[in-house]
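Protein chains in written order, with the numbering used here: chain A, 1 to 115; chain B, 1001 to 1114.
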Amino acid sequence: AQSVTQLGSHVSVSEGALVLLRCNYSSSVPPYLFWYVQYPNQGLQLLLKYTSAATLVKGINGFEAEFKKSETSFHLTKPSAHMSDAAEYFCAAKPFSGGYNKLIFGAGTRLAVHP
Amino acid sequence: KAGVTQTPRYLIKTRGQQVTLSCSPISGHRSVSWYQQTPGQGLQFLFEYFSETQRNKGNFPGRFSGRQFSNSRSEMNVSTLELGDSALYLCASSSSGQREETQYFGPGTRLLVL
Chain A
1 AQSVTQLGSH
11 VSVSEGALVL
21 LRCNYSSSVP
31 PYLFWYVQYP
41 NQGLQLLLKY
51 TSAATLVKGI
61 NGFEAEFKKS
71 ETSFHLTKPS
81 AHMSDAAEYF
91 CAAKPFSGGY
101 NKLIFGAGTR
111 LAVHP
Chain B
1001 KAGVTQTPRY
1011 LIKTRGQQVT
1021 LSCSPISGHR
1031 SVSWYQQTPG
1041 QGLQFLFEYF
1051 SETQRNKGNF
1061 PGRFSGRQFS
1071 NSRSEMNVST
1081 LELGDSALYL
1091 CASSSSGQRE
1101 ETQYFGPGTR
1111 LLVL
C-alpha cells in the first residue's frame, strides 16, 4: 500500500536560512505528490504539486520541490526562511491507480523559524 | 470565488451522542472528500463523494457515514460518539475528482467529545 514518510517531525531554522523538509513515498509507480501547509486553527493550503510534468516544481511563497524517482523523494525547499513560514507542513500522495481522489498524508513536519 | 466552508467550526458533544457536520464545496466543484486529523493518527481519509455517490471509503467503522446532495454540499455523520472521535474534521473539494487536481480544504470542524 502507498505510504508517505516525512523525516523529522520538528525542524528549526534561523530566519534567512535554507528550509529543507523531507518527504519519501513508497510505490513502484510514482504517484501524484503534493505539499500542503497548515497554519494554527486553519485548514490545509496547497503549496505545490507534482503531476508527472516537470520534476522541479515551483509553488507559492517561494517554495519549490524536486521529484527524484531514483530516490522516491519529493523534498520541499525554500532558500530563505521567513518568520511567517512557521507552520506545519504535510506531504501527500495520490496513487496513480485506484483510490480516486484519496490523499495519503505523511505525519507532518512542524517548522519553527527563530530570529 | 468563495472557498470551502464548513459548519459548525466548533462542537462539543458527549459520548453516545451523534453529530452531523456540513461542508459546502467551492462553486462548481463536484467532488467532496472528508478527512480526520488527530495528534495521534495524523490526517486520515474518511470518504469521497462525487455526484452524490460515495466513490471511495477509508478504514473507519460504520459509525462514520456521509452523503452528498444534488448541489454538491456534503454532510458527515458520526453516531454513538466515542472519546477517540475528538478531532479536526476537514472537508476538501475538487472540480471533477481527477487525480491530478488540487483538493481545496475548508477550515475544518473541531469536535470535542466529553
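Beta carbons are placed, not taken as given, at the ideal position from N, Cα and C, and that holds for glycine. This one's a predicted model, so the numbers in the text were calculated from it and none came from an experiment.
Go ahead and label residue i buried or exposed: buried means 16 or more other beta carbons lie within 10 angstroms of its beta carbon, across all protein chains shown.
{"i": "A:Leu83", "result": "This sequence places Met at residue 83 of chain A; Leu is not what is there. Classification for A:Met83: exposed."}
{"i": "B:Pro1061", "result": "exposed"}
{"i": "A:Phe105", "result": "buried"}
{"i": "A:Pro115", "result": "exposed"}
{"i": "A:Pro79", "result": "exposed"}
{"i": "A:Pro40", "result": "exposed"}
{"i": "B:Phe1069", "result": "exposed"}
{"i": "B:Glu1052", "result": "exposed"}
{"i": "B:Gln1098", "result": "exposed"}
{"i": "B:Leu1083", "result": "exposed"}
{"i": "A:Ala1", "result": "exposed"}
{"i": "B:Gly1028", "result": "exposed"}
Distance, Cα to Cα, residue i vs residue j?
{"i": "A:Thr109", "j": "A:Leu76", "result": "11 Å"}
{"i": "A:Thr5", "j": "B:Gln1037", "result": "17 Å"}
{"i": "B:Gly1106", "j": "A:Gly16", "result": "31 Å"}
{"i": "B:Leu1088", "j": "A:Lys68", "result": "33 Å"}
{"i": "A:Glu71", "j": "B:Thr1020", "result": "43 Å"}
{"i": "A:Ala53", "j": "A:Pro30", "result": "12 Å"}
{"i": "A:Glu66", "j": "A:Asn101", "result": "23 Å"}
{"i": "A:Phe90", "j": "A:Ser73", "result": "14 Å"}
{"i": "A:Leu46", "j": "A:Asn61", "result": "11 Å"}
{"i": "B:Arg1063", "j": "A:Ala81", "result": "43 Å"}
{"i": "A:Glu64", "j": "A:Leu103", "result": "20 Å"}
{"i": "B:Asn1071", "j": "B:Gly1003", "result": "15 Å"}
So the beta strand (DSSP E) residue i belongs to, where does it begin and stop?
{"i": "A:Glu66", "result": "Glu64 to Lys68"}
{"i": "B:Phe1064", "result": "Phe1064 to Gln1068"}
{"i": "B:Ile1012", "result": "Tyr1010 to Lys1013"}
{"i": "A:Val11", "result": "His10 to Ser14"}
{"i": "B:Gln1036", "result": "Ser1031 to Thr1038"}
{"i": "B:Tyr1049", "result": "Gly1042 to Phe1050"}
{"i": "B:Thr1053", "result": "Thr1053 to Lys1057"}
{"i": "A:Leu111", "result": "Thr109 to His114"}
{"i": "B:Ser1022", "result": "Val1019 to Ser1024"}
{"i": "B:Arg1110", "result": "Thr1109 to Val1113"}
{"i": "A:Gln90", "result": "Note on residue identity: the sequence assigns Phe, not Gln, to residue 90 of chain A. Start and end: Ala87 to Lys94."}
{"i": "A:Ser26", "result": "Asn24 to Ser26"}
{"i": "A:Val4", "result": "Ser3 to Thr5"}
{"i": "B:Ser1074", "result": "Ser1074 to Val1078"}
According to DSSP, residue i sits in a beta bridge with which residue or residues?
{"i": "B:Leu1083", "result": "None; B:Leu1083 has no bridge partner."}
{"i": "A:Lys49", "result": "A:Phe34"}
{"i": "A:Lys78", "result": "A:Val19"}
{"i": "B:Gln1006", "result": "B:Cys1023"}
{"i": "B:Leu1090", "result": "B:Tyr1035"}
{"i": "B:Tyr1104", "result": "B:Ser1093"}
{"i": "A:Ser84", "result": "None, per the DSSP bridge assignment."}
**Request:** Would you be able to state if there are at least three C-beta pairs under 8 Å between the segment 1007 to 1015 of chain B and the segment 18 to 26 of chain A?
**Result:** no
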